[in-house]
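Residue numbers (the numbering used here), protein chains in the order written: chain S, 1 to 470; chain V, 1001 to 1470.
Protein chains: 2
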Amino acid sequence: MNAVSSSQVNITDVVLRDGHQSLIATRLRTEDMLPACAKLDAIGYHSLEVWGGATFDACVRFLKEDPWERLRAFKDAMPNTPLQMLLRGQNLLGYRHYADDVVERFVAKSADNGVDVFRVFDALNDLRNLETAMRAVKASGKHAQGTICYTVSPVHTLAMYVDQAKRLVDMGADSIAIKDMAGLLTPYATGELVAALVEAVDVPVHLHAHATSGLAPMCHLKAVEAGCRHIDTCISAFAGGTSHPSTEAMVAAFQGTDYDSGLDLEALKEIGDYFRGVRQKYAAFESEFTREDVSVQINQVPGGMMSNLANQLKEQNALSKIRDVFNEIPRVRADLGYPPLVTPTSQIVGTQAVMNVLTGERYKTITNEVKRYLQGGYGHPPAPVDDDVRRQAIGNSPVEEGRPADRLNPEMARLTKDIGELAEGEEDVLTYAMFSELGRDYLQGRRDGSLVSEPIPAPDAGDANRPVTE
Amino acid sequence: MNAVSSSQVNITDVVLRDGHQSLIATRLRTEDMLPACAKLDAIGYHSLEVWGGATFDACVRFLKEDPWERLRAFKDAMPNTPLQMLLRGQNLLGYRHYADDVVERFVAKSADNGVDVFRVFDALNDLRNLETAMRAVKASGKHAQGTICYTVSPVHTLAMYVDQAKRLVDMGADSIAIKDMAGLLTPYATGELVAALVEAVDVPVHLHAHATSGLAPMCHLKAVEAGCRHIDTCISAFAGGTSHPSTEAMVAAFQGTDYDSGLDLEALKEIGDYFRGVRQKYAAFESEFTREDVSVQINQVPGGMMSNLANQLKEQNALSKIRDVFNEIPRVRADLGYPPLVTPTSQIVGTQAVMNVLTGERYKTITNEVKRYLQGGYGHPPAPVDDDVRRQAIGNSPVEEGRPADRLNPEMARLTKDIGELAEGEEDVLTYAMFSELGRDYLQGRRDGSLVSEPIPAPDAGDANRPVTE
Ligand SMILES: [Co+2]
Ligand SMILES: [Co+2]
Chain S
1 MNAVSSSQVN
11 ITDVVLRDGH
21 QSLIATRLRT
31 EDMLPACAKL
41 DAIGYHSLEV
51 WGGATFDACV
61 RFLKEDPWER
71 LRAFKDAMPN
81 TPLQMLLRGQ
91 NLLGYRHYAD
101 DVVERFVAKS
111 ADNGVDVFRV
121 FDALNDLRNL
131 ETAMRAVKAS
141 GKHAQGTICY
151 TVSPVHTLAM
161 YVDQAKRLVD
171 MGADSIAIKD
181 MAGLLTPYAT
191 GELVAALVEA
201 VDVPVHLHAH
211 ATSGLAPMCH
221 LKAVEAGCRH
231 IDTCISAFAG
241 GTSHPSTEAM
251 VAAFQGTDYD
261 SGLDLEALKE
271 IGDYFRGVRQ
281 KYAAFESEFT
291 REDVSVQINQ
301 VPGGMMSNLA
311 NQLKEQNALS
321 KIRDVFNEIP
331 RVRADLGYPP
341 LVTPTSQIVG
351 TQAVMNVLTG
361 ERYKTITNEV
371 KRYLQGGYGH
381 PPAPVDDDVR
391 RQAIGNSPVE
401 EGRPADRLNP
411 EMARLTKDIG
421 ELAEGEEDVL
431 TYAMFSELGR
441 DYLQGRRDGS
451 LVSEPIPAPD
461 AGDANRPVTE
Chain V
1001 MNAVSSSQVN
1011 ITDVVLRDGH
1021 QSLIATRLRT
1031 EDMLPACAKL
1041 DAIGYHSLEV
1051 WGGATFDACV
1061 RFLKEDPWER
1071 LRAFKDAMPN
1081 TPLQMLLRGQ
1091 NLLGYRHYAD
1101 DVVERFVAKS
1111 ADNGVDVFRV
1121 FDALNDLRNL
1131 ETAMRAVKAS
1141 GKHAQGTICY
1151 TVSPVHTLAM
1161 YVDQAKRLVD
1171 MGADSIAIKD
1181 MAGLLTPYAT
1191 GELVAALVEA
1201 VDVPVHLHAH
1211 ATSGLAPMCH
1221 LKAVEAGCRH
1231 IDTCISAFAG
1241 GTSHPSTEAM
1251 VAAFQGTDYD
1261 SGLDLEALKE
1271 IGDYFRGVRQ
1281 KYAAFESEFT
1291 REDVSVQINQ
1301 VPGGMMSNLA
1311 NQLKEQNALS
1321 KIRDVFNEIP
1331 RVRADLGYPP
1341 LVTPTSQIVG
1351 TQAVMNVLTG
1361 ERYKTITNEV
1371 KRYLQGGYGH
1381 PPAPVDDDVR
1391 RQAIGNSPVE
1401 EGRPADRLNP
1411 EMARLTKDIG
1421 ELAEGEEDVL
1431 TYAMFSELGR
1441 DYLQGRRDGS
1451 LVSEPIPAPD
1461 AGDANRPVTE
C-alpha cells in the first residue's frame, strides 16, 4: 500500500480467490497459480485477494492441497504485495459458529502464514459476529477490513449502512468494504451509498461488486466518482459474469484521468493471456449459471440461488412451481426480517419458500434451519421477524438475544486432543476445526501418503457441482 | 420513435444485425430471427438495427437468402418499430464506390422494402462520400443518420468532430451517430465528445460503441450523463466482447433514474433466453477473437486487425515480427494522414505495414491499394499524407482531388442490361450491382432452384473465416 495521490484508484485483483471461486467452482490449483505470481507481484496492486472464502474448503475437499502451504507459497512468491483473505466472521472458513479461542488462533495463524489484509463479514451484518475476528486481526498487527453485505430491502437504508460503517470503524476497522455478492448494486445506487459512507467515515471505502447483472463496471465508475478509491477487479481471463469487472478494462477506463491507477496495461495483458490458457484446463467446471444474467435486478433473487432452487424443484417434479417460489421468496425474506441472501441465509430462505409452495400452506412445515434462525442461532436479523411465523416455528421457547458464540465454550484444547498426533502444527488443528471428519480424513491421508486430488474431468463432462459459499 | 421525456434514454437493439455480425460471422438466418420478432416489436425500442453492414453479403454469399426478402419479412413481423440499416455511403453494401444512380436506387428500394432509419458512414469520414446517400434518404422521406467514425490521432480533435457533425446536419442529417467500431472510446473521452456534439448540434446524438475493450457500458453511462439520449445495445445473448453492451444491463443501469428507458426487463430477459438457445446452434462460428480484449487501448490497433495480421505473418513464417508490425502500423497510418482503421483502411494500412517490416525497407514495395489511396481513390485522408511516401508510391501522377464517384458514369442501365431476365425486379439488379459474379451466380441459382445454403458446421469445426466489414 504505497503512498498515492488522493484521487488515484487502487486495485485489488481477486483472480487467485474470488475469480476462480465464482467461475470454475474454486478449483484452481496452486501449481497453476504460482507461474503467474512473480508477474502479479510486479504489477503494483494495492492488494491481491488470494485466500479464504471457499478456497480453504476446496483445497481440503477436492484438491487435497494443504491450504496453509498454499498461503506460504503465495507469500514467498509475492513478497511485495499485500495478500488479502475473505473471512466469514465467527464462521471463519467453515459452516458454523466457532468458539472465540478458535477464531483468535485462526486469525493469528493466518497472519503468521502470510495474510496482510483480513476482509471480515457476517451474512446478517450482525457485527457481534465480527467482533472477535476484528479484535484478533488488530492484535496480529494486520489490516482489518470491516464489511457491509449489501442487500435491498425496506430496512436497508443509507442510514443503516452508514451506521454500520461507523460501528465497524469503532471496532477498529482500518477500511470498509461494500460487498455486493449478488450483483444487486446499480450505478446510481452505488454512487449514493459510497458518497454517504465516504462522508461518514475517515477510513478508505472499498467496493467488491460481482458482475452478475452486468452492472459492476458502471458501479465501479460511479463509486470512484463518489469518492471510492479502492475497487476489486479480476484479470480478464477470470472476469465478467458472476465474477468481477476485468482489471484491464477498469485500468483502461481511468487511464489518463485523475483517477489513473498507474498500472501497466501491457503487463496486465500478459497475465490475462497466461490465465486464459489456464482456464481452458478447467473447462469442465464452467457452468451456464456463471454468465451475465440480469435476473437479480428483476426479483432480487441471486443467480446462484435461482439455479439451486430450479434443481431442487426439478428433483421433485415441481419445476412448474418455480414462479410461485420466486414470488414466495420475498415474502419469506420479509417474515425473517430481511436477511441479505448469501450463505447460509439464501439456503434458509430458499428452502422454506419451496416448502411453503409445495405443501400448499405457508409454514405448514418449517425447516430446522428456520427454527434455529428464529431462535437467534445466527444472530440478530436486520429487522424484527414476523411474530406469527416465530410462534408457529418455535412456540414459546426463548429467543437467544446474546451473541451466538457466547454460548460456546473454548474448543482449541478439545480439538487439539481429538486430532492428536495427526496434527503437525496448530494449522492442522485449525484445519480439523473447520471441517471435522473431512479435516481428519485429509490429515490422515497426508500421514498415510494416500492423498489423491480430484481428477480434472474432461471438458464435456457437464456442469460441476459447485459450492456457492463465500 | 415515441414522444419521450427529455432525459429518457432511447435504445436501439442491434441483435438482428451487428450482434451476430460481431460474434458469429454474420451467419444468423432469418428463420432463427423471425420467431423473436413479435416480442422484439412489442418492447418499445427506439429502433431495431436489422439490415445492412455485412448481412447483405452474408445472405448472398453464405446463406443463399434473398436479403430483400429478409427485409420485407422483418417489416411484416415488426410493424411497430422503426427498422434501421447500416450503409457504407457511396460503397453501399459492397466493396467499391458506386455511381450515384446506383446509390439513389439502392436507397430508394431499401426504403420501399422497409428501412426507416439509414445510418450512413464513410471509412475516411470524407463527407462527399455520404452526400448522395444522404440526399437519397431525404428524398425517400426516411430518417437520415449521419455518422462519425471515431478514431484517435493528433488530427482527430473535438473541434474536428464537432465540425463534421455540423456539416452532417447541414447535409440534412436528422441525427448524428458516433461509431466506435474498434472499442477505442474511453468513458471520459466519450463524455467530452458527447458534450461537445450535444452543444454543437440540435439533432439527437447516438452512440454506437463496441464492447471490445470492455469499456462500452461505462462509455454509454458517461455519454448519457453528457446529454446523449440514444444508445445502441444488444440483447445479452449476443452482447459483450466485439459486440455491444447488453440491453438488459443498460436498461437496468438506468432503471428508476431520470434516464429510465421504460423498457421491461422481464420481456427483455425472455428475448435473451430465446437467442441464447439460437446462439448455440451457431457455435462453430464462435471465435477466440470476439472476446473482450484490452489491446486496442494499448496500441490503437483494432482486435480484428491484429488477428488478421497474425494470420498473415504466420502464413509467411514471420510471426516473430509481429511486434515490429504493431510498431509500424502507427507510422504507416501517420504517413497516410491518419485514416480511421476500419474496412478498407485497416487492410490498406496493415498490409503495407507488413510489407515495410518483411522487406526490411520501408515502402520498398508498395501495395496497389496504397497507391490508389494516395491517388485519392478513396477520398480525402483526414490529414495531409507524407510527401515523400506519396512521391515514392505514385511519382508525379496527379492526385484526384474530386469526389471519387464523380469519375463514375451512371451504371444502372448497363447493370440492368447485363443481368437481363435473371433479375425479377430492381432489387435483383441491385444485388447484382453489389457483388457482380457472386450476385449473378446467386440469381442464376435462384432461377435454377439450385441454391443451397452453406451448412452449419458441427460446433468443434474450429474458427470460421469471418468478414470483419461493417
Ligand atoms: Co465475492
Ligand atoms: Co458496429
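Here a beta-carbon is modelled for each residue, glycine too, at the ideal position from N, C-alpha and C.
E31 of chain S is classed as exposed because its beta carbon has fewer than 16 other beta carbons within 10 Å across all chains shown. Leaving aside the five residues that flank L1374 of chain V on each side, the residues in its chain whose CB is nearer than 8 angstroms to its CB run, in chain order, L1336, V1385, V1389, R1390, A1393, I1394, V1399. For L207 of chain S, the enclosing beta strand (DSSP E) has its first and last residue at 205-209. Within chain V, the C-beta atoms nearer than 9 angstroms to that of T186 of chain S come from A1252, A1253, F1254, Q1255, G1256, T1257, in chain order. Cβ neighbours of K1075 of chain V within its own chain (closer than 8 angstroms, five residues either side excluded): L1083, N1113, G1114. Three or more beta-carbon pairs separated by less than 8 angstroms link the stretch 1175-1187 of chain V to the stretch 1145-1159 of chain V, which places the two stretches in contact. The continuous alpha helix (DSSP H) containing R1072 of chain V extends over residues 1067-1077. The Cβ atoms of F326 of chain S and N368 of chain S do not sit closer than 8 angstroms to each other. Rounded to the nearest whole angstrom, the C-alpha separation of P302 of chain S and L63 of chain S is 27 angstroms. At least one beta carbon of chain V lies nearer than 8 angstroms to the beta carbon of V294 of chain S. Per DSSP, R119 of chain S lies in no alpha helix (DSSP H) segment; the continuous beta strand (DSSP E) that holds it begins and ends at 117-120. Among the CB atoms of chain V, one or more fall inside 8 angstroms of the CB of L265 of chain S.
Around the Cβ of A353 of chain S, a 10 Å sphere holds 16 or more other Cβ atoms; the residue is buried.
Taken from the Cβ of H1206 of chain V, every heavy atom of ligand 2 lies 7 angstroms or farther away.
Within chain V, no residue has its beta carbon less than 9 angstroms from that of Q312 of chain S; the closest one is some 20 angstroms off. Taking a Cβ-Cβ threshold of 8 angstroms, the residues of chain V close to I298 of chain S are L1265, E1266, K1269, in chain order.
The beta carbon of E286 of chain S sits no closer than 8 angstroms to any beta carbon of chain V. For T1132 of chain V, no beta strand (DSSP E) run applies; the uninterrupted alpha helix (DSSP H) run containing it begins and ends at 1128-1140, by DSSP. From the beta-carbon of M218 of chain S, the residues of chain V found nearer than 7 angstroms are P1217, M1218, L1221, A1253. Ranked by Cα distance from R1331 of chain V, the options V:I1271, V:M1355, V:Q1316, V:G1052 are led by V:M1355. Nearest to R1276 of chain V by C-alpha distance, out of V:A1073, V:L1023, V:E1401, is V:L1023. Put simply, of V:G1052, V:D1101, V:A1283, V:S1047 the residue whose alpha carbon is nearest the alpha carbon of L1408 of chain V is V:D1101. S:G241 is the residue among S:G241, S:I235, S:C234 whose C-alpha sits nearest the C-alpha of A1237 of chain V. Sequence-distant partners of E131 of chain S (beyond 5 residues in either direction) whose C-beta falls short of 7 angstroms from its own C-beta, in its chain, are M171.
DSSP, reduced to helix, strand and coil, places T247 of chain S within a helical segment of the structure shown. Counting along the chain, the unbroken alpha helix (DSSP H) around S1346 of chain V starts and ends at 1345-1358.
A straight-line Cα-Cα distance of about 19 angstroms links K1142 of chain V and A1165 of chain V. A distance below 7 angstroms between beta-carbons, with the five flanking residues on each side excluded, links K1364 of chain V to no residue of its chain.
In chain order, K222, A223, E225, A226 place their CB closer than 8 angstroms to the CB of G191 of chain S, counting only its own chain and leaving out the 5 sequence neighbours on each side.
Within the model, the alpha-carbon separation for I271 of chain S versus M250 of chain S is close to 15 angstroms.
In the three-state reduction of the DSSP assignment, E1426 of chain V falls in the helix class, which pools H, G and I. Excluding residues up to 5 positions away in sequence, A144, G172 lie with their Cβ nearer than 8 angstroms to the Cβ of K138 of chain S in the same chain.
In the displayed model, G52 of chain S falls within a strand according to three-state DSSP. For M305 of chain S, the shortest separation between its Cβ and any heavy atom of ligand 1 does not lie below 7 angstroms. Rounded to the nearest angstrom, the gap between the Cα atoms of M33 of chain S and R17 of chain S is 10 angstroms. No heavy atom of ligand 2 is found nearer than 7 angstroms to the CB of M1085 of chain V.
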